[in-house]
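Those protein sequence lines, which keep their order, are chains A and B. Residue numbering for the first sequence is 0 to 550, as defined by numbering that gives the first Met the number 0. Residue numbering for the second sequence is 0 to 550, as defined by numbering that gives the first Met the number 0. Where is the CB? At the ideal position from N, CA and C, for every residue including glycine.
Number of protein chains: 2
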Amino acid sequence: MTAQTSLRLALAQVNPTVGAVAENAALISDWITRAREEGAQLVLFPELCLPGYPAEDLYLKRHFLQANADALSELAAAAEGIAALVGFAEPRPSPAGVHPFDAPTPRAAHNALALLRDGQVEHVYRKQRLPNYAVFDEQRYFEPGNEPSVIGIAEARIGLTICEDVWEPGPPASIEAEWGADLILCPSASPYYRGKRADREAMFARRAREYGTAFAFCNLVGGQDELVFDGASFAMDRSGEVVARAGQFDEELLVVDFGAGSGPVAEPFGELEEVYGALVLGLRDYVRKNGFDRVLVAVSGGIDSALVALVAADALGGESMTGVVMPSPHSGAATQDDARQIVRNLGADLVEIPIEAAMGAYDAALDGSIDGGATGLAAENLQARIRGNLMMALSNAHGWLVLTTGNKSEMSVGYATLYGDMAGGFAVIKDVPKTLVYELVRHRNSVSPTPLVPPSVIERPPSAELRPDQLDSDSLPSYDVLDQILAAYVEGDQSRDEIVAAGADPAVVDEVLRMVDRSEYKRRQAPPGIRITARAFGRDRRLPITNRFGG
Amino acid sequence: MTAQTSLRLALAQVNPTVGAVAENAALISDWITRAREEGAQLVLFPELCLPGYPAEDLYLKRHFLQANADALSELAAAAEGIAALVGFAEPRPSPAGVHPFDAPTPRAAHNALALLRDGQVEHVYRKQRLPNYAVFDEQRYFEPGNEPSVIGIAEARIGLTICEDVWEPGPPASIEAEWGADLILCPSASPYYRGKRADREAMFARRAREYGTAFAFCNLVGGQDELVFDGASFAMDRSGEVVARAGQFDEELLVVDFGAGSGPVAEPFGELEEVYGALVLGLRDYVRKNGFDRVLVAVSGGIDSALVALVAADALGGESMTGVVMPSPHSGAATQDDARQIVRNLGADLVEIPIEAAMGAYDAALDGSIDGGATGLAAENLQARIRGNLMMALSNAHGWLVLTTGNKSEMSVGYATLYGDMAGGFAVIKDVPKTLVYELVRHRNSVSPTPLVPPSVIERPPSAELRPDQLDSDSLPSYDVLDQILAAYVEGDQSRDEIVAAGADPAVVDEVLRMVDRSEYKRRQAPPGIRITARAFGRDRRLPITNRFGG
Numbered sequence: 000m001t002a003q004t005s006l007r008l009a010l011a012q013v014n015p016t017v018g019a020v021a022e023n024a025a026l027i028s029d030w031i032t033r034a035r036e037e038g039a040q041l042v043l044f045p046e047l048c049l050p051g052y053p054a055e056d057l058y059l060k061r062h063f064l065q066a067n068a069d070a071l072s073e074l075a076a077a078a079e080g081i082a083a084l085v086g087f088a089e090p091r092p093s094p095a096g097v098h099p100f101d102a103p104t105p106r107a108a109h110n111a112l113a114l115l116r117d118g119q120v121e122h123v124y125r126k127q128r129l130p131n132y133a134v135f136d137e138q139r140y141f142e143p144g145n146e147p148s149v150i151g152i153a154e155a156r157i158g159l160t161i162c163e164d165v166w167e168p169g170p171p172a173s174i175e176a177e178w179g180a181d182l183i184l185c186p187s188a189s190p191y192y193r194g195k196r197a198d199r200e201a202m203f204a205r206r207a208r209e210y211g212t213a214f215a216f217c218n219l220v221g222g223q224d225e226l227v228f229d230g231a232s233f234a235m236d237r238s239g240e241v242v243a244r245a246g247q248f249d250e251e252l253l254v255v256d257f258g259a260g261s262g263p264v265a266e267p268f269g270e271l272e273e274v275y276g277a278l279v280l281g282l283r284d285y286v287r288k289n290g291f292d293r294v295l296v297a298v299s300g301g302i303d304s305a306l307v308a309l310v311a312a313d314a315l316g317g318e319s320m321t322g323v324v325m326p327s328p329h330s331g332a333a334t335q336d337d338a339r340q341i342v343r344n345l346g347a348d349l350v351e352i353p354i355e356a357a358m359g360a361y362d363a364a365l366d367g368s369i370d371g372g373a374t375g376l377a378a379e380n381l382q383a384r385i386r387g388n389l390m391m392a393l394s395n396a397h398g399w400l401v402l403t404t405g406n407k408s409e410m411s412v413g414y415a416t417l418y419g420d421m422a423g424g425f426a427v428i429k430d431v432p433k434t435l436v437y438e439l440v441r442h443r444n445s446v447s448p449t450p451l452v453p454p455s456v457i458e459r460p461p462s463a464e465l466r467p468d469q470l471d472s473d474s475l476p477s478y479d480v481l482d483q484i485l486a487a488y489v490e491g492d493q494s495r496d497e498i499v500a501a502g503a504d505p506a507v508v509d510e511v512l513r514m515v516d517r518s519e520y521k522r523r524q525a526p527p528g529i530r531i532t533a534r535a536f537g538r539d540r541r542l543p544i545t546n547r548f549g550g
Numbered sequence: 000m001t002a003q004t005s006l007r008l009a010l011a012q013v014n015p016t017v018g019a020v021a022e023n024a025a026l027i028s029d030w031i032t033r034a035r036e037e038g039a040q041l042v043l044f045p046e047l048c049l050p051g052y053p054a055e056d057l058y059l060k061r062h063f064l065q066a067n068a069d070a071l072s073e074l075a076a077a078a079e080g081i082a083a084l085v086g087f088a089e090p091r092p093s094p095a096g097v098h099p100f101d102a103p104t105p106r107a108a109h110n111a112l113a114l115l116r117d118g119q120v121e122h123v124y125r126k127q128r129l130p131n132y133a134v135f136d137e138q139r140y141f142e143p144g145n146e147p148s149v150i151g152i153a154e155a156r157i158g159l160t161i162c163e164d165v166w167e168p169g170p171p172a173s174i175e176a177e178w179g180a181d182l183i184l185c186p187s188a189s190p191y192y193r194g195k196r197a198d199r200e201a202m203f204a205r206r207a208r209e210y211g212t213a214f215a216f217c218n219l220v221g222g223q224d225e226l227v228f229d230g231a232s233f234a235m236d237r238s239g240e241v242v243a244r245a246g247q248f249d250e251e252l253l254v255v256d257f258g259a260g261s262g263p264v265a266e267p268f269g270e271l272e273e274v275y276g277a278l279v280l281g282l283r284d285y286v287r288k289n290g291f292d293r294v295l296v297a298v299s300g301g302i303d304s305a306l307v308a309l310v311a312a313d314a315l316g317g318e319s320m321t322g323v324v325m326p327s328p329h330s331g332a333a334t335q336d337d338a339r340q341i342v343r344n345l346g347a348d349l350v351e352i353p354i355e356a357a358m359g360a361y362d363a364a365l366d367g368s369i370d371g372g373a374t375g376l377a378a379e380n381l382q383a384r385i386r387g388n389l390m391m392a393l394s395n396a397h398g399w400l401v402l403t404t405g406n407k408s409e410m411s412v413g414y415a416t417l418y419g420d421m422a423g424g425f426a427v428i429k430d431v432p433k434t435l436v437y438e439l440v441r442h443r444n445s446v447s448p449t450p451l452v453p454p455s456v457i458e459r460p461p462s463a464e465l466r467p468d469q470l471d472s473d474s475l476p477s478y479d480v481l482d483q484i485l486a487a488y489v490e491g492d493q494s495r496d497e498i499v500a501a502g503a504d505p506a507v508v509d510e511v512l513r514m515v516d517r518s519e520y521k522r523r524q525a526p527p528g529i530r531i532t533a534r535a536f537g538r539d540r541r542l543p544i545t546n547r548f549g550g
């Protein structure tokens with residue numbers, strides 16, 4: 000944008016809810032009003048903020064598309080005294096009376112951006128590049144557009160794009176720059192992973208310098224099942240410098256005076272603070288958007304459940320959590336004391352339910368059906384499943400949401416009990432490797448006046464406490480070693496040979512890869528959890544259960 | 000194909016395993032030999048039969064792609080005295096040293112068909128139309144090709160396509176016909192649903208008449224997680240008449256003498272026989288390909304577990320099944336007798352484990368934590384979860400696979416207990432509506448010398464028997480009504496208003512749709528099961544859990 004052009008632009012970093020078209024329209028309407036009150040000439044909303052993102056197969060339902068189109072028309076009527084750009088799913092005409100096998104089957108909608116001005120839908124821009132990798136399935140839902148758009152607002156010539164459109168060089172942004180755009184807008188629904196904010200700003204800076212245009216990026220904020228949208232919207236001048244930046248993990252109206260070249264510039268979070276913030280927002284929104292008002296956490300005195308309890312207390316308030324302590328004959332007294340201490344420190348309710356009697360009832364029931372009764376893995380899993388049943392009984396009796404406490408290292412190698420500690424509605428830390436679990440607990444303790452998690456929880460060697468003197472290290476390599484191999488295999492898609500060539504012990508690599516491959520059936524039945532890495536299990540890494548390829 | 004052209008073509012309807020590249024190559028090599036021994040000049044294998052289909056994110060792993068390319072080269076060396084067309088994933092060169100955000104990101108492979116002749120890979124055809132709807136995600140994995148191919152074998156001019164390429168009119172088949180192809184080959188990985196075979200033949204008949212060419216369709220056969228490939232390969236003359244057809248649900252080498260215009264024409268299965276065959280093959284392959292040798296079924300005396308037990312006995316032999324009967328104080332004596340009778344009729348092992356003592360242990364444990372103890376839903380779910388735990392303990396102790404018994408009607412409305420009767424590795428009938436469950440049991444009884452399922456199982460009103468005198472009809476509409484609404488909503492994507500306009504009771508529709516929408520979290524944690532309809536839960540219907548759109 001040339002220095003002489005002047006435009007007051009508002010970036011509306013909002014948190015809509017998937018499917019809640021009427022509520023989202025009301026939210027957008029409120030923020031249009033706020034932006035007008037701030038003197039903005041144009042307010043930009045994120046990609047698909049009216050229907051919500053990702054709405055998955057809702058985008059295939061014609062009546063859902065119609066509901067969002069109707070809501071857009073109503074919003075347009077209210078857009079007076081300010082221009083607004085609103086992301087919506089634009090329905091396309093159905094082919095009528097054509098046999099499904101005798102015509103191309105176009106998608107039912109465009110991923111689109113509507114310019115609302117003077118009570119009208121004045122213009123529609125349609126996304127051209129539809130990501131269909133990683134967590135994205137947009138070619139399942141949307142027909143690509145093919146027309147670049149440059150619109151005039153006040154004195155500014157403004158190019159329109161949507162998210163992925165600018166992640167690769169070339170059209171539409173390159174054409175819009177040739178057509179004289181001095182500012183290019185990029186409304187997005189760009190999900191979080193560690194380091195994504197810096198990746199985005201670096202990419203936009205290259206585009207700004209290539210095209211000699213300013214850029215503004217307006218991102219969704221909020222949690223949606225596995226995904227967290229981190230916000231961190233920004234405006235950037237043509238040299239690639241960030242001239243205004245919104246905060247992360249919260250709604251914000253970022254007002255930028257282009258020409259004057261300034262707005263507030265929020266300091267980005269530190270690395271651990273950022274991951275922690277993603278977990279808090281992801282959990283809070285899952286709970287809130289699904290209508291729960293209380294969560295249950297099985298607090299064992301171990302580090303994983305400690306982190307989940309911390310995140311829950313920060314997301315919902317300790318008073319909205321019940322910590323459940325379920326001792327068995329294998330539970331250490333010090334571990335149990337730590338569990339109670341954590342629950343008390345967080346101001347949560349404490350419930351204690353010993354499981355020994357139930358263990359005895361199962362032993363008796365199975366005595367005739369398993370030679371020598373349930374021992375080994377069967378006996379260990381039974382303890383975890385008794386606890387899972389008790390958690391679910393509390394959930395069923397009270398309508399509370401059970402949070403599970405497994406970390407990514409465990410989920411990778413299957414070191415968890417299906418229907419046991421994996422039983423619950425939301426797996427808060429399933430994408431957090433064990434080594435990062437420690438860092439996050441230390442970080443959270445460090446920013447608290449007094450440590451919320453006793454140091455003994457951090458220092459005690461990890462154990463599932465399902466048999467006497469059990470340690471995780473009996474079954475697994477050290478977590479430092481394990482997490483390195485997992486990062487290479489799961490996140491890096493490296494082969495066994497590549498990992499070994501990089502210096503890992505071949506026998507350990509073989510065993511870890513075998514465990515990862517054989518645990519796919521467990522992961523399929525795991526609850527959803529928050530993605531914080533560039534390759535999470537779930538919608539991001541899709542492997543068959545029936546799979547004979549090793550490594 | 001003109002009458003004077005003569006070609007002996009073999010369609011190799013084989014059952015490879017996803018990821019098992021070396022084993023699949025050996026299978027293909029054997030069948031090339033068989034086809035040569037039958038005097039065939041050309042043998043056609045299904046789409047992607049070398050790496051397996053769908054291999055999902057394995058197709059993103061460069062070392063997996065390389066393994067399948069290496070295996071293809073070895074196969075080529077063995078192809079002497081016959082030409083072979085083999086489906087494989089052709090690796091594409093990686094962009095080297097390019098920043099991921101600064102270049103288009105092409106897929107790593109083509110979905111391809113290699114012509115092996117005289118010890119060489121003589122030609123490669125690349126699929127042009129990549130389905131990305133329903134259960135298909137091919138635009139995630141493959142770069143489309145853009146060149147039609149006509150090859151010469153003996154006197155025949157043969158056009159090449161792959162599956163979806165011919166499901167819409169136009170290129171590449173239309174161009175290949177213009178170029179003089181008199182036979183167009185269509186290797187496929189076309190998954191089963193009810194009625195798919197007839198749909199396929201009707202579609203191909205239209206193409207044959209449009210282009211004036213003969214067609215040959217060679218399909219995979221076998222189960223892969225949720226999908227069953229039904230085979231039913233065929234050859235069709237230019238008038239659209241089927242001149243040779245392979246059987247369904249089994250491997251077969253179908254040899255066709257074009258010119259002479261004939262081959263064996265298998266009679267298609269009847270409607271119920273076909274669904275039943277899909278269930279048997281889907282289960283058999285899940286068990287076999289995942290290395291299990293025995294299954295566990297909780298046989299209740301109800302119709303659903305009866306069907307699962309029937310399918311398991313037909314898939315694996317009754318001697319490879321253990322039927323588990325787990326009475327509670329709410330179990331009816333006649334129901335229990337029926338359960339035992341079914342297990343005996345099928346020649347399976349019978350294990351009985353009463354659950355009353357475990358129920359008492361949970362009541363005691365929860366007495367202090369739930370006011371008045373676990374009652375209502377919590378108590379009912381506890382019974383189902385005790386049974387789930389017992390099944391999993393037997394599974395853990397012996398390494399056997401637990402089959403779950405829920406049908407599609409229950410999975411739709413959430414009338415099942417997570418971690419209870421939903422606990423297990425494979426959900427055999429999860430895509431079979433309750434009304435079809437009855438039809439299938441009656442059908443299977445009718446083709447047996449004596450009924451395997453006692454008539455009382457079919458006649459007794461459905462009940463979960465989790466409280467005294469409980470009936471499914473206390474909580475649900477009649478299954479006739481329910482299944483009609485579900486077909487419209489789940490399979491037809493109709494709106495609430497459309498379903499009501501078609502004559503359904505508005506209050507019932509509202510309640511059913513609410514139950515379906517609110518049960519998404521349960522379905523996410525369900526084991527995979529066999530798709531038999533055109534819209535199954537799982538990879539075929541992808542809705543968010545956090546979703547405020549109703550209807």
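Can you name the residues of chain B whose CB is closer than 7 Å to the CB of residue i?
i	result
Tyr285(A)	Thr545
Does any residue of chain A bring its CB to less than 8 Å from the CB of residue i?
i	result
Lys195(B)	no
Glu142(B)	no
Thr16(B)	yes
Val13(B)	no
Gly346(B)	no
Val20(B)	yes
So residue i contacts chain A; which residues on that side make the cut at Cβ distance below 7 Å?
i	result
Ser368(B)	Val350, Ile352 and Leu393
Pro527(B)	Arg523 and Ile544
Does any residue of chain B bring its CB to less than 8 Å from the CB of residue i?
i	result
Phe548(A)	yes
Phe63(A)	yes
Lys60(A)	yes
Got a sec? Which residues, its chain only, sit under 6 Å from residue i by beta carbon, not counting five neighbours each side?
i	result
Asn406(A)	Asp303, Ile428, Val431, Lys433 and Val436
Ala314(A)	Val279, Leu282 and Arg283
Gly222(B)	Leu280, Gly281, Asp284 and Tyr285
Met134(B)	According to the sequence as given, residue 134(B) is Val; it is not Met. Taken in chain order, the residues that qualify are Arg538 and Asp539.
Less than 8 Å between the CB atoms is what I'm expecting for residue i and residue j, so what's the real figure, rounded?
i	j	result
Gly424(B)	Val401(B)	6 Å
Spatial neighbours of residue i within its chain, please: C-beta separation below 7 Å, excluding the five flanking residues on both sides.
i	result
Pro171(A)	Gln127, Pro147, Thr160 and Asp164
Which same chain residues, not among the five before or five after residue i, have their C-beta less than 8 Å away from its C-beta?
i	result
Arg193(B)	Glu270, Glu273, Val274, Ile531, Thr532 and Ala533
Original post:
Which runs of the alpha helix (DSSP H) fall wholly inside the segment 42-99 of chain B and span at least 4 residues, in chain order?
Top reply: 61-77
Subject >> beta strand (DSSP E) runs wholly inside the segment 168-208 of chain A, at least 3 long, in chain order >> reply: 182-187
Subject >> Minimum length 4: unbroken alpha helix (DSSP H) runs contained in the segment 279-335 of chain B >> reply: 302-315
**OP:** Mind listing, in chain order, the continuous beta strand (DSSP E) runs of no fewer than 3 residues lying wholly within the segment 217-271 of chain A?
**Re:** 220-223, 226-229, 233-235, 241-244 and 251-257
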